[in-house]
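Engineer: Take the sequence shown: its letter number 169 is residue 181 in my numbering, and every next letter is one higher.
Just so you know, even glycine gets a beta-carbon here, dropped at the ideal spot from N, CA and C.
Model, not experiment: these values are computed from the prediction.
Pasting a structure here, questions to come.
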Amino acid sequence: MKKYNTKKIIIANWKMNPQNSEQAASLFKKIVLGVKKSRKSKVVVAPPFVFLPALQKIGGLDLAAQDVFWKDEGAYTGEISPKMLKNVGVSYVIVGHSERREFLGETDEMINRKVKAALSAGLKTVLNFVKDELRSDLEGVSQRFAKNLIIAYEPLWAIGTGNAAEPDDIFEMATYIRRNIFDILGKKAAYETPILYGGSVDRKNAEAFLRARGVGGLLVGGASLLSKEFIDIVKSINV
């Protein structure tokens, strides 16, 4: 059995930023240029939906969507389907971010449906996990789709506060996550599923997180909007 991802996955979650396509293109180009020599990382950028086609044309990095719906088409105003994402060249999608759970009322049932739809469509699915929702969010997920699953752990108290978790705490949570994945999806998935840490990641603490046992990468929020800061985070993998 192969070891879980040796390349660290670094996802830039831009959230509802920047404010126009020119700023988005400029930031994206700077990141592409700054990380192109990195051989130890897989860098993915998650911009707002409206910027995805333009950034796909620029190229150079994989793109992620920040959300997805569980149907491929229909009368669902404002929603984006897995098929639509694939048609614009998106290969990753974030599901269940704590901000969507808190501000938009997303339930575990909704997130579970999104996870299954995204995985079934062949999208690499980054399931965000904040406390004890993992089993509910993965209920009924088929083992045959597990190869495209990524788990991102983001403690609520660390998101956007400047207060990050300690590496030892992250290792304990990674162990807990793998035990749950083992119960739900089996030994292979438990061993190979990448586990990312998210929550007040910056250039000062990124290296410590990446060295923490069981951590397969980072989900970066605010720091990903500062090109030099984000590039330094990616470069910390090579230290």
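Using a Cβ distance threshold of 8 Å, determine whether the region 187-201 contacts the region 151-161, with at least three qualifying pairs required.
Structural biologist: Yes, they touch.
Engineer: Please report the distance separating the alpha-carbon of glycine 72 from that of aspartate 180.
Structural biologist: Answer to the nearest angstrom: the Cα atoms are 34 Å apart.
Engineer: Taking just the CA atoms, how far does lysine 42 sit from alanine 36?
Structural biologist: Computed Cα separation, rounded: 10 Å.
Engineer: Using a 10 Å radius around the Cβ and a threshold of 16 neighbouring Cβ atoms, would you call threonine 89 buried or exposed?
Structural biologist: Counting Cβ neighbours within 10 Å, threonine 89 comes out exposed, since fewer than 16 surround it.
Engineer: If you draw a straight line from the alpha carbon of isoleucine 92 to that of isoleucine 162, how long is it in whole angstroms?
Structural biologist: The alpha-carbon atoms of isoleucine 92 and isoleucine 162 are separated by roughly 20 Å.
Engineer: Comparing alpha-carbon positions, which option in Val127, Gly226, Val47 and Gly46 lies nearest alanine 77?
Structural biologist: The shortest C-alpha separation from alanine 77 is found at Val127.
Engineer: In this structure, how does DSSP classify lysine 27 when only helix, strand and coil are distinguished?
Structural biologist: In this structure, lysine 27 counts as coil in the three-state DSSP scheme.
Engineer: Can you give the Cα-Cα distance for methionine 28 and phenylalanine 115, rounded to whole angstroms?
Structural biologist: Cα to Cα, the separation comes out at about 13 Å.
Engineer: So, at 7 Å on beta carbons, what are the nonlocal neighbours of valine 100 in its own chain, with the 5 sequence-adjacent residues on each side left out?
Structural biologist: Excluding residues within five positions, the ones whose Cβ falls inside 7 Å are Leu64, Pro65 and Gln68.
Engineer: Beta carbon of tryptophan 82, beta carbon of proline 59: below 7 Å?
Structural biologist: Contact: no.
Engineer: Jot down the residue ranges of each uninterrupted beta strand (DSSP E) in the region 85-111, minimum 3 residues, whole runs only, in chain order.
Structural biologist: Segments of the beta strand (DSSP E) lying fully in the region 85-111: 104-107.
Engineer: Between which residues of its own chain and asparagine 192 is the CB-CB distance below 7 Å, once the five residues before and five after are set aside?
Structural biologist: Cβ within range, chain order: Leu146 and Arg147.
Engineer: Can you tell me the Cα-Cα spacing of leucine 97 and serine 239, whole angstroms?
Structural biologist: Distance between the alpha carbons of leucine 97 and serine 239 is about 25 Å.
Engineer: In whole angstroms, what separates the C-alpha of valine 213 from that of alanine 201?
Structural biologist: Taking the straight line joining both Cα atoms gives about 26 Å.
Engineer: Compare the C-alpha of glutamate 184 against each of Ser33, Arg125 and Ala224 and name the closest.
Structural biologist: Answer by Cα proximity: Ala224.
Engineer: Can the beta-carbon of valine 62 be found less than 7 Å from the beta-carbon of alanine 130?
Structural biologist: No, Cβ-Cβ distance for valine 62 and alanine 130 is not below 7 Å.
Engineer: Roughly how many whole angstroms lie between the Cα atoms of arginine 189 and alanine 158?
Structural biologist: In the sequence as presented, arginine is not what sits at residue 189; that position holds isoleucine. Their Cα atoms are separated by approximately 14 Å.
Engineer: Please classify serine 38 as buried or exposed, where buried requires at least 16 other C-beta atoms within 10 Å of its C-beta.
Structural biologist: Exposed, because fewer than 16 other Cβ atoms sit within 10 Å of the Cβ of serine 38.
Engineer: Apart from the five residues just before and just after isoleucine 123, which ones in its own chain have a Cβ nearer than 7 Å to its Cβ?
Structural biologist: So the list reads Val107, Gly108 and Asp149, once near-sequence residues are dropped.
Engineer: Under the rule that 16 or more other beta-carbon atoms within 10 Å means buried, what is alanine 87, buried or exposed?
Structural biologist: That one is exposed.
Engineer: Return the chain-ordered list of same chain residues with a C-beta closer than 8 Å to the C-beta of phenylalanine 141, the five sequence neighbours on each side being excluded.
Structural biologist: Correct list, in chain order: Gly108, Asp149, Ile163, Ala164, Tyr165, Glu166 and Ile189.
Engineer: Grouping DSSP H, G and I as helix and E and B as strand, with all else coil, what is alanine 201?
Structural biologist: Looking at alanine 201 - three-state DSSP - the assignment turns out to be helix.
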